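Participant:
Residue numbers (our numbering): 749 to 1496.
Below, the structure written as structure tokens:
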């Protein structure tokens, strides 16, 4: 801060004093709110102002991509975390300024895109800090999403690369580690009521010098988590992965010179940004809108709105998220805007422009508008351990407005696709293994979400998570060697639980879990979508179904299998409807559960979800409906009641004329059921949300007023001045309900 009454010498002394006595290096808004590539450095400007050899750029790019692929494979082969084994990781290379230029060909792009924030923090604050500095052989670690990231289970290793004393680039390796010492095992605590419940919160700091881990730092981190072996092993894996990557980059520098690498990294960014501007210019100017809802805070049911308006004008896109739910001060599902942009970037790269290189330069022609203190622009103090709830939706909702923009284009860069299933439907576990080791982590089932229906064909079954096309589900046999978990039943596709449409979505699959060999074991889940569909449809299709969490308690399934195996059929609907073990307790719940201990042999069952359907069900080819019947993807009831197909149930031969007649009758029935637009609006639209609905976000198109919940009571807020919501403890709510019930019974 400049004071005009000071001399330059006094001002310099004051600035130096303030710099040397800064209390806390919190996340820098100038870094965290800036998703665009930096201006050219002097050396970049000098090198790019002259002739550039495209063949040399392509040669160097190929060598770097091969190096990234090799280092990525090292992690996959050596990593200890489930995320490392099944593809939840990546390696990447950045310019000296910290801009993401390239990732490993099979890596998770969001992990790399998130890392450019902490690298820029290091460049700005640690490089010239006398007590820190950035030197050859250093490596920095980081996991706190508030400094850049998706959530705190992801740990990154970042290393500077020097040539003749000059920083020429940064490289990184990131793994979804899972366990991080949070209040619940596995690193994604639904029960976190403040950021201090989240476990490790590492801003970027040095963990290695001279290419060796600092053992005191490693010990500190091991002492902070439930699984010290995992922490040590994967710190080694990430370090040696970036060391190998650095060796390959050094060979490129030796063979081609630093100028070739610097030019390639920068040209990659600028070429992508230019191409995105060109593609945006192809789109019609205008605004398209969509909304999506999460139906749970993971502690109680509520409707939390994500409100998106996408504006195209010239060669720029503006993403306006105003009107989204306010942040929750004591719930773990908030996200910061950097995380939001990172995951929206994944959505664009998966579903809109998958042919482009994975670099955040894609978003350089984008502008963003947020309300402060919203669920996707959370403040520093909010817990963000389960930011996946809004962020998974972030990756899929842009499919809807961008499909509307792309529909009329003569040339598209991929097929239009309805949203993929977008909830982390898996069990997070913790406890003591059969090998007497304490662990906490997650199952890899989030890597098998059903795809949305596509413009030209059905969606793929259980294809991938929405953040990467290259993750895998994992081998159950390997998991059962390390853990007491037992997976009962195969990866059976969930019949009828599908987004219907002209092109149906891909299906998810059933998960039936139990355990044995441990006396201390438990589970948690972290999903919404049990009351309100998660994956929206496109162009008249059906949304995905809602999915419950099912439990069978008071049972040892292994004893039942030993004594009466003929009674047990590992199918969720069969188990819950027929209840084959009389003494067991059968129950269904929302797919949001804080950690609870279980008994050996009890069943926890859930379904990986389907995507949204594409197009009108009455336009689906009857032959495709028959094929789905033959493959047991749908039932006869669905074929008749949803798709309106008439056929012989024995031969499955379609009566074409009767089907056309039935579908025409349904179209006429739709018209009869319908209302004129004005009449519908008059009946449907209300001034405020229903009084008994815990609703969070704007109501209707007006983003200037936002609704929230404060200590159980509805509040109205100015959209430009959102308040942090504070929720009651569900146990306190339940105690109050029981006390009222006791009082009523006593007075009766």
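Where is the CB? At the ideal position from N, CA and C, for every residue including glycine.
Fair warning: this is a prediction, and the values are worked out from it, not measured in the lab.
Using only CA atoms, which one of 1134, 1074, 905 lies nearest to residue 1454?
Facilitator: Cα-wise, what sits closest to residue 1454 is 1074.
Participant: Any idea which residues DSSP pairs residue 1463 with across the strands?
Facilitator: 1456.
Participant: For residue 1260, write down the residues that DSSP places opposite it in a beta bridge.
Facilitator: DSSP lists 1353 as partners of residue 1260.
Participant: Measure the C-alpha to C-alpha separation of residue 1221 and residue 1200 and round it to an integer number of angstroms.
Facilitator: Rounded to whole angstroms, residue 1221 to residue 1200 spans 19 Å at the Cα level.
Participant: By Cβ distance, which residues of its chain are closer than 6 Å to residue 990, with the 5 residues on each side in sequence left out?
Facilitator: Once the five neighbours on either side are set aside, the close Cβ partners of residue 990 are 905, 907, 919, 921.
Participant: Would you mind working out which of 1129, 1300, 1331 sits nearest residue 1318, comparing C-alpha positions?
Facilitator: Nearest of 1129, 1300, 1331 to residue 1318, Cα basis: 1300.
Participant: Could you tell me which uninterrupted alpha helix (DSSP H) segments, each at least 4 residues in length, are contained entirely in the region 1080-1112, listed from first to last along the chain?
Facilitator: The qualifying runs are 1085-1099.
Participant: Could you say if the region 1166-1177 and the region 1317-1337 meet the contact criterion of at least three C-beta pairs nearer than 8 Å?
Facilitator: Contact between the region 1166-1177 and the region 1317-1337 is absent, because fewer than three Cβ pairs lie under 8 Å.
Participant: Taking the DSSP output, what are the residues bridged to residue 1301?
Facilitator: Bridge partners of residue 1301: 1333.
Participant: If you follow the beta strand (DSSP E) that residue 1036 is in, where does it begin and where does it stop?
Facilitator: Note, residue 1036: beta strand (DSSP E), 1034-1044.
Participant: Please tell me whether residue 1207 and residue 1359 are closer than 7 Å, where the distance is taken between their beta carbons.
Facilitator: Closer than 7 Å, so yes.
Participant: Please state whether the Cβ-Cβ distance between residue 1040 and residue 1052 is less than 7 Å.
Facilitator: No, these two residues do not count as a Cβ contact at 7 Å.
Participant: Identify every run of the alpha helix (DSSP H) within the region 830-906, keeping only runs that are complete inside it and at least 4 residues long; order them along the chain.
Facilitator: Complete alpha helix (DSSP H) runs here, min 4: 830-833, 857-869.
Participant: To which residues does DSSP link residue 1271 through a beta bridge?
Facilitator: BP columns for residue 1271 point to 1177, 1344.
Participant: Should the region 1007-1018 be regarded as contacting the region 927-941, the criterion being three or more beta carbon pairs within less than 8 Å?
Facilitator: No, the region 1007-1018 is not in contact with the region 927-941.
Participant: By DSSP, does residue 1241 sit in helix, in strand, or in coil?
Facilitator: Strand, per DSSP.
Participant: If you compare alpha carbons, which of 1225, 825, 954 is closest to residue 887?
Facilitator: Taking only the C-alpha atoms, the option nearest residue 887 is 954.
Participant: Just verifying my parser: in three-state terms, what is the DSSP assignment at residue 911?
Facilitator: Residue 911 falls in the strand class under three-state DSSP.
Participant: According to DSSP, is residue 967 part of a helix, a strand, or is it coil?
Facilitator: DSSP places residue 967 in helix when its eight states are reduced to three.
Participant: Can you give the Cα-Cα distance for residue 1089 and residue 783, rounded to whole angstroms?
Facilitator: Their Cα atoms are separated by approximately 8 Å.
Participant: So, is residue 1362 buried or exposed, given that buried needs 16 or more other C-beta atoms within 10 angstroms?
Facilitator: Flag for residue 1362 reads buried.
Participant: Tell me which residues share the same chain as residue 962 and place their Cβ nearer than 8 Å to its Cβ, disregarding the 5 neighbours each side in the sequence.
Facilitator: Excluding positions up to five away in sequence, the list reads 954, 955, 956.
Participant: Classify residue 918 as helix, strand or coil using the three-state DSSP reduction.
Facilitator: Three-state result, residue 918: strand.
Participant: Please classify residue 1495: is it buried, with 16 or more other beta-carbons within 10 angstroms of its beta-carbon, or exposed?
Facilitator: Answer is exposed; the Cβ neighbour count stays below 16.
Participant: Does the structure place the region 1175-1182 close enough to the region 1266-1276 that three or more beta carbon pairs sit under 8 Å?
Facilitator: Yes: at least three Cβ pairs fall under 8 Å.
Participant: Label residue 1368 either buried or exposed according to how many other C-beta atoms from any shown protein chain fall within 10 Å of its C-beta, with 16 as the threshold for buried.
Facilitator: By the 10 Å Cβ count, residue 1368 comes out buried.
Participant: Which ranges does the alpha helix (DSSP H) cover as unbroken runs of at least 4 residues, wholly within the region 1106-1150, from first to last along the chain?
Facilitator: As far as the region 1106-1150 is concerned, its whole alpha helix (DSSP H) runs of at least 4 residues are 1136-1145.
Participant: Give a yes or no on contact between the region 1082-1096 and the region 851-861, applying the rule of three or more CB pairs nearer than 8 Å.
Facilitator: With the cut-off at 8 Å, the region 1082-1096 and the region 851-861 touch.
Participant: Count the CB pairs spanning the region 976-987 and the region 894-902 that are closer than 8 Å, and state whether there are at least three.
Facilitator: No, they do not touch.
Participant: Whose CA, out of 893, 1061, 843, lies closest to the CA of residue 1031?
Facilitator: The residue with the shortest Cα to Cα distance from residue 1031 is 1061.
Participant: Would you kindly work out how many angstroms separate the C-alpha atoms of residue 1378 and residue 1419, rounded to a whole number?
Facilitator: Rounded to whole angstroms, residue 1378 to residue 1419 spans 32 Å at the Cα level.
Participant: Taking the Cβ atom as the reference point for each residue, do residue 1402 and residue 1391 lie within a distance shorter than 7 Å?
Facilitator: It is not a contact, given that the beta carbons lie outside the stated cut-off.
Participant: Restricting to Cα atoms, I'd like to know which of 1072, 819, 882 is closest to residue 1470.
Facilitator: The shortest C-alpha separation from residue 1470 is found at 1072.
Participant: Please name the residue in 1296, 831, 1473, 1049 whose C-alpha comes closest to that of residue 926.
Facilitator: For the residues 1296, 831, 1473, 1049, the minimum Cα distance to residue 926 belongs to 831.
Participant: Measure the CB-CB distance between residue 1472 and residue 1077 and report whether it falls below 7 Å.
Facilitator: Cβ atoms of residue 1472 and residue 1077: closer than 7 Å.
Participant: Under DSSP, the alpha helix (DSSP H) around residue 1326 begins and ends at which residues?
Facilitator: From DSSP, the alpha helix (DSSP H) with residue 1326 extends over 1320-1326.
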